[in-house]
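125 is the number of the first residue of the sequence shown in our numbering; add one for each residue after it. Beta carbons: idealized from backbone N, C-alpha and C, even for Gly.
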Amino acid sequence: MKTRITELFGIEHPIIQGGMHFVGLAEMASAVSNAGGLGIITGLTQGTPEKLENEINRCKEMTEKPFGINMTFLPSLNPPDYAGLFKVIVDSGVKVVETAGNNPQEWLPMLKEADIKVIHKCTSVRHSLKAESIGCDAVSVDGFECGGHPGEDDVPNFILLPRAAEELSIPFVASGGMANARSLVAALAMGADGINMGTRFIATKEAPVHENVKQALVGASELDTRLIMRPLRNTERVLTNAAVERLVEKEKRMGEDLKFEDIMGEVAGVYPRVMQDGEMDVGAWSCGMVAGLIHDIPTVQELIDQIMAEAEEIIQGRLGHVLSA
Ligand SMILES: Cc1cc2nc3c(=O)[nH]c(=O)nc-3n(C[C@H](O)[C@H](O)[C@H](O)COP(=O)(O)O)c2cc1C
125 MKTRITELFG IEHPIIQGGM HFVGLAEMAS AVSNAGGLGI ITGLTQGTPE
175 KLENEINRCK EMTEKPFGIN MTFLPSLNPP DYAGLFKVIV DSGVKVVETA
225 GNNPQEWLPM LKEADIKVIH KCTSVRHSLK AESIGCDAVS VDGFECGGHP
275 GEDDVPNFIL LPRAAEELSI PFVASGGMAN ARSLVAALAM GADGINMGTR
325 FIATKEAPVH ENVKQALVGA SELDTRLIMR PLRNTERVLT NAAVERLVEK
375 EKRMGEDLKF EDIMGEVAGV YPRVMQDGEM DVGAWSCGMV AGLIHDIPTV
425 QELIDQIMAE AEEIIQGRLG HVLSA
C-alpha cells in the first residue's frame, strides 16, 4: 500500500505507533518500525537529554528502519529541558518528530533545518489547519474515541476525519479507535493517508509493559473508559479502575471548584507503577474506547501483517464485490 504517509516517512505500511508515556520505549518503537510501520519513542518518558540520547541509541541498535520521537508539550510547574531534548533529536539524525499538546511553532525552524519531518497531533480541524499553516508536514487527527487527551470539542472520527479531508492539503492519519483492517480501510475511505494507533499497540508481545496491563486491555470493553479532568479543561480518556471511580466521584462532588491538587493522588506518578509494576488500581492511565476491539496479544509483526492482509481483502474482495454486484 502506497500513500502520502508511506512516501513522506519512507515506511512500508501506513501505520504509526503514537507516542505513549512509559510504553514508547526503544522495544516498542523498534518492533513497529521493524514490522514496516513507524515506531515512536516518547521523549518525555526519558525526561532528560542524556536519557533520550541513550534511548535513541538503543533503538538504533534494534532497528535499521526509520523511527520517530514524540515531544509532548504539557502545562507544567517544572517544564522539562525542551531545548536540550530537541538538540539531542537533531544531533541523533532521527528524521521524524511527532508533536502534541501545544503549538510546536517555536521548534519548527531547527527541525526543518535538519530535514526532520513533523507530524502534529490535533483533536480539531482548526488546530490541524493551524499546524498546516505553520509548516508541519502532516497531521495526526485524533478523534473523541482516542486514548489520552481528546481535547474539549468531543467530535468523533466519523465526522472529524471527513471534515479534515475537506479542509487540509497536507497528509493526515486517522488516530483514535484504530485497531484493525476495518479501521485502516475506513480511515482511507474518509480521506486519511493511514492510521495512528496507541492502545492497540500496548496489547502486543513486544510492548514493554507489565502483563497485567495487556490482560486489562483484553478484558476491557468499549464501555470501560472514563473521561477525567474535564473541569480542569484537560480532559483525558482513561481505563476505569478503583482510583478512577474515586476521582470521577470527586469531580461530581466538587464540580467547577475542583483543582489539580484535589486529584493529585489519582493522577501523579501513576505511569511507572501501572506500566512497570502492574498495579492496576493505583491511578488513572490513558486508554481508548478501542479496548473493546482488542481480543488478543499478538506480536507487532503479526498485528501489522494481519491488518495489511485483511485490508487488501476488504478492498479487493468485499468492496469490489459490492461494486460488481
Ligand atoms: C497509555 C497511553 C499513553 C499515552 N501517552 C501519550 C503521550 O505521552 N503523548 C502523546 O502525544 N500521546 C499520548 N498518548 C496518545 C497516543 O499517542 C494516541 O494518540 C492515542 O492512543 C490514539 O488513540 P487510541 O488509543 O484509540 O489508538 C497516549 C496513549 C495511551 C493509550
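Across the structure, GLU346 and MET413 are spaced so that their CA atoms are roughly 5 Å apart. Between the alpha carbons of MET144 and LEU168 lies a gap of roughly 9 Å.
For the pair of segments examined, the segment 360 to 375 was found to touch the segment 260 to 272: the number of CB pairs separated by less than 8 Å reaches three. Fewer than three beta-carbon pairs drawn from the segment 173 to 186 and the segment 334 to 352 are found closer than 8 Å, and the two stretches are therefore not classed as touching.
Burial check for VAL147: the Cβ neighbour count within 10 Å reaches 16 or more, so the residue is buried.
Residue environment: HIS445 is assigned as exposed (fewer than 16 neighbouring CB atoms within 10 Å of its CB, all protein chains considered).
When the beta-carbon positions are compared, GLY171 and ILE135 stay at least 9 Å from each other. One Cα belongs to LEU356, the other to CYS411, and the distance between them is close to 19 Å.
Counting along the chain, GLN425 sits inside the alpha helix (DSSP H) bounded by residues 424 to 437. At a cut-off of 8 Å, the beta-carbon of SER264 counts as near ligand 1: some heavy atom of the ligand is closer than that.
Non-local C-beta neighbours of GLU151 in its own chain, meaning closer than 8 Å and more than five positions away in sequence, comprise MET186, GLU330, ALA331, PRO332, ordered along the chain. Secondary structure of ASP278 (DSSP, three-state): coil. When DSSP assignments are scanned along the segment 240 to 269, the uninterrupted stretches of beta strand (DSSP E) that are 3 or more residues long and fall wholly within it turn out to be 241 to 246, 262 to 266. Inter-segment contact for the segment 232 to 250 and the segment 208 to 215 is present: three or more beta-carbon pairs are separated by less than 8 Å. The continuous beta strand (DSSP E) containing GLU360 extends over residues 360 to 363. For ALA298, the enclosing beta strand (DSSP E) stretches over residues 296 to 299.
Distance from the CA atom of ARG324 to the CA atom of VAL424, rounded to whole angstroms, is 10 Å. Around the beta carbon of LYS126, fewer than 16 other beta carbons sit within 10 angstroms, so the residue counts as exposed. Under the three-state reduction of DSSP, THR127 is assigned to coil, being neither helix nor strand.
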